[in-house]
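Visitor: With our numbering applied, the sequence shown corresponds to residues 9 to 528, in that order.
Glycine residues also receive a C-beta, built at the ideal position from the N, C-alpha and C atoms.
Following this message is one structure expressed as structure tokens.
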Amino acid sequence: MPDRKITLCLLVIFSYAALPQGAAAQEAQPPEPLPPETDPPGVSNEDLGISRRFLSLRYGYLSEANSNHAIGQFVLENYMLLDGSLDWLTGALDSRGEESVGMRTLLGLTWVWGAWRLRPAYSLAYHEFGHGTRMRAAGANPIYFFSDFDYTQSLIDARVQTALVSAGVPTVIAAREVRPTRYTNFFTYLGDAIAGGKSSGYTTFDHPFTSTAPADWDAVITGGGVNNEMYLTELIEDQAYYNGASFVYFFQYINGKQASYDYFRAQDDNQTLRTTGDMANILTYYNRKRDYTNPTVADLLNRPVGSELLATEVLATDFFFTLQPVTPAQMVANTLTSLQNGDHNYHITRADIETGNLIALYGSSTTYLLMYSFMKYMFEGDATVHSWELAGIRLPDISFYHSRRGISYKLRSGYRWHRWTFPFAVEHVTKGDMTTEGTLGVRYDADQYAVTFTSIVGRSGGAGVEFDYYLPVADFANARLGSRIFYHSVNTLEGERNMSRVEPGSYAELEADVYVSLVY
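Pasting the structure below:
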């Protein structure tokens, strides 16, 4: 059965790519050459109704690569398959003269239902990967579980397993002593989430470790789940801007924009989550801000582990920190430094977070763009839409994030001029340790390649370059060979959320990815 599904997906892709595009494809004579001053097809995609989709293999898919960006692209490309299949079927019906407003409405609602059914599994898997990737960045090996709304028992089972492994019991044997099935790979976790209709889970790791991350990294891990869901909405926005999108992405998009809002609602319905869930713990962090490099007396009374001291902060992620012992004089000095650096209560409330999600949802132009896509499909037979622009300026979108420094809003836009696009963003921590960070980029699209440069302006900064080369592989398909290199710093908000490794001392890393894609 899986082979048949794969074959069907490939047939959908190949058949769609092979369909003639308008009357020009049916003419026997070659097309007239474009005037030199005219941009080639694809530059103004929004005027031509063109949508470009990808099916990729990436180095970043490996667990060791720990690439938040690559896994996000994988989720996005799964929706591209759903989007492309709708285009193919619509075109097939149209070629037989069987297309009508009623038929398109029925098809559209069917695809809406399919996207709605897939959304919980993709949201859960990428949410938990958000916790896991922030753990792995600090040196841990994350493991994922499904909780099936039995959160208390599942968490107890995970802690029993952790205790057994810490006591010297081999991991394989310890795993058999507890009930949940453990996952160490995103793809198997996602596959079982889809097959089993799962919508609830959690992430931990199987033994304590020495963190390579800076202080307060537990907050980054706790917020990593909803931050990932928000990041996926940015990938959808970029797909609409550069390649085209449709209403198929809508439910995943609004789910990401209001991920924290929905998590609060889940906590309201679950007594355990009210005290151990992500939002409960992130609020605890915001309003009881502590610097874990400055241990308290309670921290120092924890049991010794070798020459170190182990302090455990009970969070939904069950994260462990290893602290070096300090002298009383060092403790006093650290406390004074902590106070000088503003170790304080951020006074962030549930209302602040829920309001942030609602602003991100209703303040983003892509929310309405994807809604418009369904109406466009019903009456025109084409669901593809591109980001709205005014005088070349992309109408903005808003993201909302959690960080060690507090809550932040990120406004994203861009400017298009012929083959050039200039994406830009501004992110500001509105409550907490006030920080402003800017992102500036430039992208050039040629006939056979595209190159993008990105620069982050903020604390320590960051920079990246992405290069894509397109080449025909058959009459019905193209291929893309690409590479991406990005320099991250943990001192930037972007780096905190997405860097794959936190190197001790420098707190910076160079992330690299290579990929090959089918373009359809």
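How big is the Cα-Cα spacing for Y409 and N506?
Guide: About 12 angstroms.
Visitor: Check each candidate in G231, A248, G400, D214 and name the one with the smallest Cα separation from A175.
Guide: Cα-wise, what sits closest to A175 is D214.
Visitor: Which word fits V481, buried or exposed, when buried means at least 16 other C-beta atoms lie within 10 angstroms of its C-beta?
Guide: Under this definition V481 is an exposed residue.
Visitor: Within 10 angstroms of its Cβ, does F195 collect 16 or more other Cβ (buried), or is it exposed?
Guide: Under this definition F195 is an exposed residue.
Visitor: Between the Cα of L126 and those of D102, A145, G138, V83, spot the shortest distance and give me the residue it belongs to.
Guide: Per the Cα distances, V83.
Visitor: Are the beta-carbon atoms belonging to I406 and A368 less than 8 angstroms from one another?
Guide: Result yes, Cβ atoms of I406 and A368 sit closer than 8 angstroms.
Visitor: What would DSSP say about K418, mapped onto helix, strand or coil?
Guide: DSSP places K418 in strand when its eight states are reduced to three.
Visitor: Would you call A171 buried or exposed, if buried means 16 or more other Cβ atoms sit within 10 Å of its Cβ?
Guide: Classification for A171: exposed.
Visitor: Using DSSP with H/G/I as helix, E/B as strand and the rest coil, what is N235?
Guide: Three-state DSSP puts N235 in a helix.
Visitor: Given S478, which residues of its chain have a CB within under 6 angstroms of its CB, disregarding the five upstream and five downstream residues?
Guide: It is Tyr, not Ser, that sits at residue 478 in the sequence shown. For Y478, where only same-chain residues beyond five positions count, the Cβ hits under 6 angstroms are Q456, N486, R488.
Visitor: According to DSSP, what are the bridge partners of V437?
Guide: Paired residues: S416.
Visitor: So, L64 versus S525, is the Cβ gap smaller than 8 angstroms?
Guide: Reading off the sequence, residue 64 comes out as Ser, not Leu. Yes, they are a contact pair.
Visitor: So what's G140 in DSSP terms, helix, strand or just coil?
Guide: G140 falls in the helix class under three-state DSSP.
Visitor: Please look up how many angstroms separate the CB atoms of V109 and F387, rounded, as I've assumed it's under 8 angstroms.
Guide: That pair is a contact at about 6 angstroms.
Visitor: Short check: CB of T447 to CB of A248, under 8 angstroms?
Guide: Their beta carbons are not under 8 angstroms apart, which means T447 does not touch A248 by this criterion.
Visitor: Inspect the beta-carbon positions of T211 and P128 and report whether they are closer than 8 angstroms.
Guide: No, these two residues do not count as a Cβ contact at 8 angstroms.
Visitor: Between which two residues does the alpha helix (DSSP H) carrying L90 extend?
Guide: L90 -> alpha helix (DSSP H) spans 76-103.
Visitor: Nearest-angstrom Cα distance between D521 and M111?
Guide: Their backbone Cα atoms lie some 42 angstroms apart in a straight line.
Visitor: Taking the alpha-carbon positions, what's the R412 to G231 distance?
Guide: Rounded to whole angstroms, R412 to G231 spans 9 angstroms at the Cα level.
Visitor: DSSP beta-bridge partners for E445?
Guide: The partner list for E445 (beta bridge, DSSP) reads E435.
Visitor: If you follow the alpha helix (DSSP H) that D270 is part of, which residue opens it and which one closes it?
Guide: Here the alpha helix (DSSP H) through D270 covers 267-276.
Visitor: If you drop the 5 nearest sequence neighbours on each side, which residues of the same chain put their C-beta closer than 8 angstroms to that of Y293?
Guide: Taken in chain order, the residues that qualify are D224, D226, A227, T230.
Visitor: Which residue marks the beginning of the beta strand (DSSP E) containing R488, and which one marks its end?
Guide: Per DSSP, R488 belongs to the beta strand (DSSP E) from 485-497.
Visitor: Compare the C-alpha of E362 against each of L377, R451, G264, F430 and name the closest.
Guide: When each option's Cα is compared against that of E362, the closest is G264.
Visitor: CB-CB under 6 angstroms to F475, same chain, minus the five flanking residues each way: which ones, in chain order?
Guide: Excluding residues within five positions, the ones whose Cβ falls inside 6 angstroms are V459, S491.
Visitor: Look up A482 in the DSSP assignment and give the residues it is bridged to.
Guide: Answer is A485.
Visitor: Using only CA atoms, which one of S372, Y354, G105 lies nearest to Y417?
Guide: Answer by Cα proximity: S372.
Visitor: Tell me the rounded alpha-carbon separation between G422 and F430.
Guide: Whole-angstrom Cα-Cα distance: 5 angstroms.
Visitor: Check each candidate in F217, G205, R282, L90 and name the one with the smallest Cα separation from A146.
Guide: Nearest C-alpha to A146: F217.
Visitor: Give a yes or no on whether the C-beta atoms belonging to V498 and A516 are separated by under 8 angstroms.
Guide: In this structure, A516 lies closer than 8 angstroms to V498 by Cβ.
Visitor: For G204, does the three-state DSSP call read helix, strand or coil?
Guide: Three-state result, G204: helix.
Visitor: Should T46 be labelled buried (16 or more other beta-carbon atoms within 10 Å of its own) or exposed?
Guide: Only weak support is given to the placement of T46: the predicted model assigns it a pLDDT of 42, under 50, and the value that follows is read from those uncertain coordinates. Answer is exposed; the Cβ neighbour count stays below 16.
Visitor: Quick one: what does DSSP say F195 is sitting in, helix, strand or coil?
Guide: F195 falls in the helix class under three-state DSSP.
Visitor: In whole angstroms, what is the alpha-carbon distance linking Q279 and S463?
Guide: Going by the C-alpha atoms only, they are around 44 angstroms apart.
Visitor: Taking all protein chains shown into account, decide if E72 is buried (16 or more other Cβ within 10 angstroms of its Cβ) or exposed.
Guide: Exposed is the call here.
Visitor: Distance, Cα to Cα, S155 vs V450?
Guide: Rounded to whole angstroms, S155 to V450 spans 44 angstroms at the Cα level.
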